[in-house]
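Colleague: After the structure tokens below, expect a handful of questions from me.
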Amino acid sequence: MAFKRPSFLPTLDELEDQAQRRSVEGATPKGQFDHPTAKYIFFAGLVLVVVGHAAGAFFLFL
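Just so we're aligned, residue -18 is where the sequence shown starts under the working numbering, counting upward by one.
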């Protein structure tokens, strides 16, 4: 018994057409982060790593 594809999903032809349109349009020139919160979290983590390594090196050679 074959399963029927749900009607709310796009057909394979529609998916192929979407992929063709995206490849013709090309990528939009954006930065590395799609959302400003992601950028803030990344930089906060980067600062924590750098400060943690600096503090560890300081206390290691104290």
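Cβ atoms here follow ideal geometry from the backbone N, Cα and C, with glycine treated the same way.
1) Using only the alpha-carbon positions, how far apart do Ala38 and Val31 sit?
2) Check for me: the alpha helix (DSSP H) holding Ala25 runs from which residue to which?
3) Between Lys20 and the rest of its own chain, which residues show a CB-CB distance below 6 Å, the 5 nearest in sequence each way excluded?
4) For a quick check, are the C-beta atoms of Pro(-9) and Gln1 less than 9 Å apart?
Modeller: Per the coordinate set shown:
1) 11 Å
2) 17 to 41
3) Close CB contacts of Lys20 within its chain, under the 6 Å cut and outside five residues either way in sequence, are with Phe14 (chain order).
4) no
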